[in-house]
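**Q** Encoded as structure tokens, here's the structure I'll be asking about.
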Amino acid sequence: LPLSRNAQLARNMGTRHRAALGLSEETDAVVLVVSEETGRISLAVAGHMETLHDVEALHQRLAELFSLGAPPGPAEQPWWVPARGWLRK
Numbered sequence: 126l127p128l129s130r131n132a133q134l135a136r137n138m139g140t141r142h143r144a145a146l147g148l149s150e151e152t153d154a155v156v157l158v159v160s161e162e163t164g165r166i167s168l169a170v171a172g173h174m175e176t177l178h179d180v181e182a183l184h185q186r187l188a189e190l191f192s193l194g195a196p197p198g199p200a201e202q203p204w205w206v207p208a209r210g211w212l213r214k
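Following this line, the structure appears as structure tokens:
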């Protein structure tokens, strides 16, 4: 995994947290990290590390990020469906 090269990171941040942050810097991934030492829950999102204080806060943040509970939108077509008909023209 790509380790974050951010010089502003706390020195006590371990490899697991640096890898999570690096992955979120280079992709659109939301990365969940649990500290082995403290059990603290963190989320790496878009190059930023967020510490969450309990499972309810984790649930709420994930719901915000993934719009859980939002009314379903129109069904999306796979990318290839519109391309299928261009040969017929």
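Take the working numbering: the final residue in the sequence shown is number 214, and no numbers are missing along the way.
Here a beta-carbon is modelled for each residue, glycine too, at the ideal position from N, C-alpha and C.
Just so we're clear, the structure is a prediction, and the values are computed from it rather than from any experiment.
Taking the C-alpha atoms as reference points, what is the distance between Leu-148 and Val-180?
**A** Taking the straight line from one Cα to the other gives about 23 angstroms.
**Q** Tell whether a beta-carbon distance below 8 angstroms holds between Arg-130 and Val-158.
**A** Taking 8 angstroms as the Cβ cut-off, Arg-130 and Val-158 do not qualify as a contacting pair.
**Q** Report yes if the C-beta distance between Ala-171 and Leu-146 is below 8 angstroms; otherwise report no.
**A** Going by C-beta atoms, Ala-171 is not nearer than 8 angstroms to Leu-146.
**Q** Could you tell me the alpha carbon to alpha carbon distance between Phe-191 and Arg-165, rounded to whole angstroms?
**A** Each residue's alpha carbon lies about 22 angstroms from the other.
**Q** Go to Thr-176, then tell me how far its beta strand (DSSP E) extends in each direction, as first and last residue.
**A** Taken as a continuous stretch (DSSP letters only), the beta strand (DSSP E) holding Thr-176 covers 173-177.
**Q** Report the CB separation of Glu-151 from Pro-127 in whole angstroms; it is logged as a contact under 8 angstroms.
**A** Yes, Glu-151 and Pro-127 are in contact; Cβ-Cβ is about 5 angstroms, under 8 angstroms.
**Q** Check the Cβ-Cβ distances between His-178 and every residue of chain B, and say whether any is below 8 angstroms.
**A** Any reference to chain B falls outside this structure, which holds one protein chain only.
**Q** Could you give the distance in angstroms between the alpha-carbon of Arg-186 and the alpha-carbon of Asp-153?
**A** Their backbone Cα atoms lie some 16 angstroms apart in a straight line.
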